[in-house]
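Heads up: the sequence shown begins at -13 in this note's numbering, then just goes up one per residue. Even for Gly, the Cβ is constructed at its ideal location relative to N, Cα and C.
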Amino acid sequence: MVGVSLRGKPQLLPLEESLTELARLAETAGLEVVGEATQRLDRPYPKTFVGPGKLEEIKALVEEFQADVVIFDDELSPRHLRELENYFGQKVRILDRTALILDIFAQHARTREGALQVELAQYEYRLPRLTRAWTHLARQTGGGGGRAGRMGGVGLRGPGERQLEVDRRDIRRRMANLRRELEKVRAHRQRHRARRRKNRLPVVALVGYTNAGKSTLLNRLAAADVYVADQLFATLDPTTRRVELPGGHLALFTDTVGFIQKLPTSLVAAFRATLEEIAEADLLLHVVDITHPHVSAQAEAVLRTLDDIGAGHIPVLTVLNKIDLLPSPEAASAALASFPRAVAISALTGEGVPRLLQKVGERLYETYEPVTVELPYEEGGLIALFHEMGQVEEAQHHRGGVRIRGRLPGRLVARYAPFVVREGGQTPSDEEGESDA
-13 MVGVSLRGKP QLLPLEESLT ELARLAETAG LEVVGEATQR LDRPYPKTFV GPGKLEEIKA
47 LVEEFQADVV IFDDELSPRH LRELENYFGQ KVRILDRTAL ILDIFAQHAR TREGALQVEL
107 AQYEYRLPRL TRAWTHLARQ TGGGGGRAGR MGGVGLRGPG ERQLEVDRRD IRRRMANLRR
167 ELEKVRAHRQ RHRARRRKNR LPVVALVGYT NAGKSTLLNR LAAADVYVAD QLFATLDPTT
227 RRVELPGGHL ALFTDTVGFI QKLPTSLVAA FRATLEEIAE ADLLLHVVDI THPHVSAQAE
287 AVLRTLDDIG AGHIPVLTVL NKIDLLPSPE AASAALASFP RAVAISALTG EGVPRLLQKV
347 GERLYETYEP VTVELPYEEG GLIALFHEMG QVEEAQHHRG GVRIRGRLPG RLVARYAPFV
407 VREGGQTPSD EEGESDA
């Protein structure tokens, strides 16, 4: 493993902790980590990312341990990858964090949707990096292939080898086909969400850093059988279960793919259909591993990703998980002090889960927020929903629509965000129009 710390560039995790995380990613992919090298730089070297002296040190480590793979903790540019492959020769595979995560996702995609998303992300990553080590990304992305197959020769588990003469136009054509398939998936999900809205069942999305315990929590809440493992990205495909809340209310809880620092942008784009499950939720449960030494940095990485995917406006309830692993009740109290208004639980033992469900019920059904919205008449569904589920204090009809002042359940506020009237009488769409002008 190779880690670089850039002076003046803020990092969520310290270099040492980032490499620890990289080691877990490597182990999840079926690799054995035998050594590491680090360097602090003002900026990456244009040709080889690290300096010439450090490159010699890495090569000596590779020869000493007879390593097959060198993994960089940052995403390498096409030039970096090409120069490093030339330097280390054909017997050593050069990977970066992005390629490693893509390989793990390929292992854990258990549905057709997941396989399509991974394949598209792999193509987008590989296309500008075509070299002598090109690995054709066929449909094998979601298939088998054990540790022996992944570790043989220079490659990780992945699709069959192909020659460089693969036409770029063929690759782009395949990518276009994948995008069309994923648009069908997206449309299918939108129809499902429309039916859920019609049934008035609120949706709660479980989000959090990878391995925070989201799947274990869903299993606890819904007596479900979601796959759980002590490894990164054990769950890739979203799973939705119905959960009964106190008072007899129902809600749909969705387990989603875990986040991680330096999450590749190609993955965020490819997984748009899946991530829309988060962006369309009424409430987010941010599951936090309170035992992690860098819990605040992990929480920050999740919140940044939520903003990136357009879900930063959705109400969040923070869930501090794994309190059963804390040394004392005092430690749990200290953790709660660091995360105001959070709920401390153990998804494994069930401790604190009844209080969590009570809080979810309050946020979804009992907490009302004052709001004024300007709704065009073509948004008849939202107008009817406000009258049905909210508390209307005043409604003013005019030629273009209706302005409603009143109170809405907290879970519905996000749906009305584009139509909320700000101070001065403007809606968000009005402000966008002014900035465009």
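Rounded to the nearest whole angstrom, the C-alpha separation of G(-11) and Y109 is 25 angstroms. Here the alpha carbon of R160 sits roughly 24 angstroms from the alpha carbon of R68. In this structure, the alpha-carbon of E364 lies about 13 angstroms from that of F405. Counting C-beta atoms within 10 angstroms of its own C-beta, Q93 has 16 or more neighbours from the protein chains shown and is therefore classed as buried. Where H373 is concerned, the enclosing alpha helix (DSSP H) starts and stops at 366 to 375. Annotation for I309: A318, A330, S332 place their beta carbon closer than 6 angstroms to its own, counting only its chain and skipping 5 residues before and after. In the three-state scheme derived from DSSP, where H, G and I count as helix and E and B as strand, P395 is classed as strand. Between L11 and L86, the gap from beta carbon to beta carbon is short of 8 angstroms. G296 and A265 have their C-alpha atoms some 6 angstroms from each other. In the displayed model, G100 falls within a helix according to three-state DSSP. Remark: C-beta atoms of N307 and A198 approach each other more closely than 8 angstroms.
Counting along the chain, the unbroken beta strand (DSSP E) around G(-11) starts and ends at -12 to -8.
Secondary structure of T196 (DSSP, three-state): coil. Residues of the same chain with a CB within less than 6 angstroms of the CB of E61, apart from the 5 flanking positions on each side, are D82, T84 in chain order. D268 and V190 do touch by the CB rule: their CB atoms are close to 7 angstroms apart, below 8 angstroms.
Judged by beta-carbon spacing, L271 lies beyond the 8 angstroms limit of V229, meaning their Cβ atoms are not closer than that value.
By a beta-carbon distance limit of 8 angstroms, A162 does not contact D89. Their separation comes to about 24 angstroms. Three or more pairs of CB atoms, one per stretch, sit closer than 8 angstroms, so the stretch 389 to 402 contacts the stretch 371 to 381.
Uninterrupted alpha helix (DSSP H) stretches at least 4 residues long and entirely within the stretch 239 to 301 occur at 251 to 256, 258 to 265, 281 to 294, given in chain order.
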